[in-house]
Amino acid sequence: MPEAAAYCDVALPVPVDRLFTYQLSLPLRGRVKTGCRVLVPFGGRKLAGVVVRLHGDAAGEETRPVMALIDDEPVLDRELLSLGNWIAEYYCAPIGEVIKSMLPLAGETRRGTRYSLTEGGRSIARQLVIDTATDASVQLLGMLERQPRSAEYLSAKVAGAKPVLQQLIKRGWVVAEKTEEERDPLRAAAGRLQAEFLRRSAPELKLNKTERELLAFLELHPGPHNLAELAGKLKRASEAGRSLARRELIRLAPEGWRAPAGYERPVPVLNAHQQQAFTEIKQALEAGQFKAFLLQGVTGSGKTEVYLRCIEAALAMGKNALLLVPEIALTPAVAGQFFHRFGGQVAILHSAFGDTERAEQWRRIRNAQTRVVIGTRSAVFAPVADLGLIIVDEEHEGGYKQQETPRYHGRDVALVRARERQAVAVLGSATPSIESRWNAEQGKYTRLLLPERIAQRPMPQVRIVDMRVEFLETKRQATFSRALLEDMELRLQRGEQTMLLLNRRGFSSFMICRACGERMLCANCSVVLTHHRRDRRMLCHYCGYAEKIPSSCPKCGSDYIQFLGTGSERVEDEIHQHVPVARVARLDRDTATAKGAFENILHAFRDGDMDILVGTQMIAKGHDIPNVTLVGVVLADIGLSIPDFRSAERTFQLLTQAAGRAGRGDTPGHVVIQTLNPEHYAVRYAAEQDYEAFYKKEVEFRKWLRYPPFAACANVLLRAGKQENALRIASEIGFILNPPPEGVRVIGPAEAPVLRLKNEFRYQILLKAAKRSALRDVVRKLRKYSADEGWKPAAMTIDIDPISLM
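The working numbering puts the first residue of the sequence shown at 1, with every later residue one more than the last.
Below is the structure:
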């Protein structure tokens with residue numbers, strides 16, 4: 001039998017590009033496995049990390065011992081560890097931070113302090129008569145003589161325990177130890193769990209009285225019940241609920257999980273295009289080899305039903321499935337349909353859940369209690385066994401790109417994971433990213449088309465309104481054109497619904513003093529504050545800084561202050577003025593922050609309780625509401641003014657997706673796009689719903705200027721609290737890159753589009769290379785220079801394959 005490894009390399013959640021070697025004590029040797037979490041000393045701290053390698057020789061390196069093993073079984077298997085290494089290599093990110101982002105287990109560990117007796121303390125405790133003692137120090141010594149105890153336990157048992165413990169520590173009788181231990185996620189999340197009956201108990205299963213009573217109650221009262229409320233009616237209901245859930249007699253799920261009845265609908269018959277797409281994907285599943293598909297279908301073409309059929313086919317073959325959606329807002333809409341098709345086999349993973357809720361879901365997945373996982377970007381790391389199918393819905397969305405280290409793209413990681421698992425990957429979109437469409441053209445993906453809406457429904461009729469002409473004809477600066485107002489009133493008369501899109505929050509874009517021209521700027525960022533009238537404040541949408549609305553100009557004292565520009569709050573207000581009988585709701589980040597607010601607003605609109613829904617991009621995608629027959633885009637040009645090579649692409653996608661919300665029922669849809677730039681190709685082709693024409697135009701521009709997919713890019717962001725320091729480090733990096741490395745084009749350094757953000761000055765350098773290997777070599781050189789110079793990790797961040805240059 002081979003000798004157990006004496007050392008382990010651990011990935012720690014620190015911004016350092018290396019592993020750390022620790023010694024394994026004899027009791028831990030043979031127990032610690034690759035992929036397990038361990039508690040280790042790191043400087044003066046104790047950190048939880050993941051073991052990525054076991055070995056028998058530290059090569060002369062001075063090592064410290066592992067303090068504790070957190071998991072008996074690996075939390076990351078070899079496949080996921082390999083994926084983490086790929087991410088660290090490709091995105092040039094520290095492996096420890098990559099591993100940390102792969103685990104939603106913060107809610108499964110509890111940090112605290114544990115007290116125990118020293119030998120001297122144990123000797124003193126033996127001499128004391130403890131049973132009848134009232135002195136706090138004597139009571140504490142007696143408890144600790146029996147076994148070490150946590151700070152929480154001792155504080156609950158002895159009044160004023162904390163200062164007394166400090167005195168005992170000073171006398172050398174007690175020692176304190178920082179701990180990080182595993183906790184039961186079901187117990188931690190009990191107050192936010194719903195219990196629901198699944199099946200009756202088999203005769204051979206022995207249940208106690210509380211378990212029998214709880215199971216009987218849930219069977220007699222179908223549907224989800226809050227576990228904490230049940231505990232108020234039935235003693236020890238929480239404990240009984242956890243026991244029944246582990247025996248799979250009931251389901252315990254986080255609140256908000258269950259899909260509303262409105263999502264339930266009969267299984268439709270596939271049309272010819274859907275059937276063809278499904279058949280090709282099913283054949284790939286049967287082949288059991290990696291294959292990537294781009295499922296490109298117009299809005300309303302039934303892509304979701306194709307997903308459902310493919311997942312059904314995968315499950316029938318004994319394979320499991322993972323479905324990614326780009327943002328939390330889409331999760332309820334998508335998950336509802338999947339719950340009604342697959343029931344308790346579905347697990348949800350997204351950041352709106354608390355740590356313990358995510359940890360509970362993660363454990364259900366790892367323990368093979370679920371077979372279909374739905375989630376946002378980080379769900380790509382879900383420990384799904386027998387993974388045979390990965391679907392990336394709305395693959396073009398920027399929400400798949402993480403904006404903090406590690407800056408990975410969920411779609412691309414999904415493709416790599418599918419390749420490593422020999423699984424099938426399906427990328428779905430009505431408006432595929434330029435890169436994905438190009439990859440299909442090059443033969444990397446198989447392109448499947450859904451060119452028609454289901455049930456032979458027509459595409460919406462789109463009308464472009466030139467707001468310059470509108471102003472000349474009406475002599476007024478209006479939010480709504482005459483055409484849009486007339487169409488809204490017509491929908492109200494017919495009992496139909498309207499969606500209005502303006503991708504800007506707040507009431508007014510900014511405040512200006514007409515006397516001196518002063519604009520109200522954020523104290524932390526070089527951007528103007530947005531006027532939020534309902535909250536009576538000016539707000540920065542970048543850092544959250546807020547100020548009260550001034551009654552006079554802070555610079556010259558004039559009270560001639562004017563609010564300019566339009567936001568979603570103003571749109572809502574003006575609808576009430578123009579169409580006072582309309583029932584109006586607004587859906588943006590301001591109204592959807594409270595838990596459940598997004599779902600509540602959307603459900604009210606879906607159920608017909610609202611006539612008009614105003615919103616930002618949150619309303620533009622993923623929603624299927626048959627009674628919406630009009631979509632109005634209040635100002636289509638907002639995104640086009642952003643200095644970014646993807647501006648036209650994002651504008652086209654947003655307009656096309658928004659237009660696609662209209663006419664998804666039996667009544668044909670209409671779309672009104674208001675714009676100051678009707679000649680722009682992004683606006684024109686979106687109105688024509690012509691993706692191919694847009695793609696041909698955009699790909700010419702990318703090829704001419706050598707942007708993706710014709711070059712690999714990295715954005716180097718350099719920042720500091722003082723502008724002179726930011727300029728200095730930007731100049732140093734600029735000097736290193738002059739002359740430019742072979743095969744790499746260097747643009748900058750230059751001021752970032754937002755120079756000052758969150759009290760930091762920012763400069764950036766864009767790197768472009770025809771070969772990714774050349775780009776990677778340059779990035780490594782820059783990272784080595786930063787480390788050698790002792791820069792703080794935040795001083796330089798490098799974004800590989802950036803989706804925004806802002």
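Cβ coordinates follow ideal geometry from the N, Cα and C atoms, glycine included.
- In this structure, the alpha-carbon of A620 lies about 55 angstroms from that of A5.
- In the three-state scheme derived from DSSP, where H, G and I count as helix and E and B as strand, C522 is classed as coil.
- Buried is the label assigned to Q764, since at least 16 other Cβ atoms lie within 10 Å of its Cβ.
- Per DSSP, reduced to three states, the secondary structure at P739 is coil, with no helix or strand assignment.
- Within the segment 188 to 257, the complete beta strand (DSSP E) runs of at least 3 residues fall at 193 to 197, 250 to 254.
- When only Cα atoms are considered, D72 and P13 end up about 20 angstroms apart.
- Within the model, the alpha-carbon separation for F645 versus G639 is close to 11 angstroms.
- Under the three-state reduction of DSSP, D607 is assigned to coil, being neither helix nor strand.
- Across the structure, E452 and N320 are spaced so that their CA atoms are roughly 30 angstroms apart.
- In its chain, beyond the 5 residues on either side, A292, F293, L294, L427, S436, N439 have a beta carbon closer than 8 angstroms to the beta carbon of Y445.
- Note that the C-beta distance between E574 and R586 is not below 8 angstroms.
- Put simply, the segment 461 to 468 touches the segment 671 to 680. At least three CB pairs are less than 8 angstroms apart.
- Annotated three-state conformation of V372 is strand, per DSSP.
- Separation of A693 and D466 (C-alpha to C-alpha, rounded to the nearest whole angstrom) is 22 angstroms.
- Here the alpha carbons of T667 and G721 stand approximately 57 angstroms from one another.
- With a 10 Å radius around the Cβ and a threshold of 16 neighbouring Cβ atoms, N367 comes out exposed.
- Counted as a single uninterrupted DSSP element, the beta strand (DSSP E) harbouring V465 occupies residues 461 to 466.
- Rounded to whole angstroms, the Cβ separation of G121 and G49 is 32 angstroms, and the two are not in contact under 8 angstroms.
- Excluding residues up to 5 positions away in sequence, G35, V50, G84, I99, M102, L103, P383 lie with their Cβ nearer than 8 angstroms to the Cβ of L76 in the same chain.
- Annotation for L635: no beta strand (DSSP E) segment contains it, and DSSP assigns it neither H nor E.
- Between the segment 679 to 699 and the segment 508 to 520 there are fewer than three inter-stretch CB-CB distances shorter than 8 angstroms, so the stretches are not counted as touching.
- Boundaries cannot be given for R514, as no alpha helix (DSSP H) includes it and DSSP labels it neither H nor E.
- If you look at F293, you'll find it in the beta strand (DSSP E) that goes 291 to 297.
- Excluding residues up to 5 positions away in sequence, Q422 lie with their Cβ nearer than 6 angstroms to the Cβ of Q289 in the same chain.
- For V52, the closest of A59, K33, P65, F42 by C-alpha to C-alpha distance is K33.
- Rounded to whole angstroms, the Cβ separation of P749 and I736 is 11 angstroms, and the two are not in contact under 8 angstroms.
- With a minimum length of 3 residues, the unbroken runs of beta strand (DSSP E) contained wholly in the segment 73 to 148 fall at 109 to 117.
- Secondary-structure assignment with DSSP links V746 through a beta bridge to L767.
- Judged by pairs of C-beta atoms under 8 angstroms, the segment 706 to 713 does not touch the segment 779 to 794, as fewer than three such pairs exist.
- Residue range 482 to 494 is occupied by the alpha helix (DSSP H) that includes E486, with no beta strand (DSSP E) assigned at that position.
- Here the alpha carbon of L141 sits roughly 58 angstroms from the alpha carbon of H603.
- Residue environment analysis places S552 among the exposed positions, since fewer than 16 neighbouring C-beta atoms fall within 10 angstroms of its C-beta.
- If you look at G388, you'll find it in the beta strand (DSSP E) that goes 387 to 392.
- If you check the CB distance, V779 and I803 do not come in under 8 angstroms.
- In the displayed model, R646 falls within coil according to three-state DSSP, outside both helix and strand.
- Spatial neighbours of A546 in its own chain (CB-CB distance under 6 angstroms, excluding positions within 5 residues in sequence) are listed in chain order as R537, L539.
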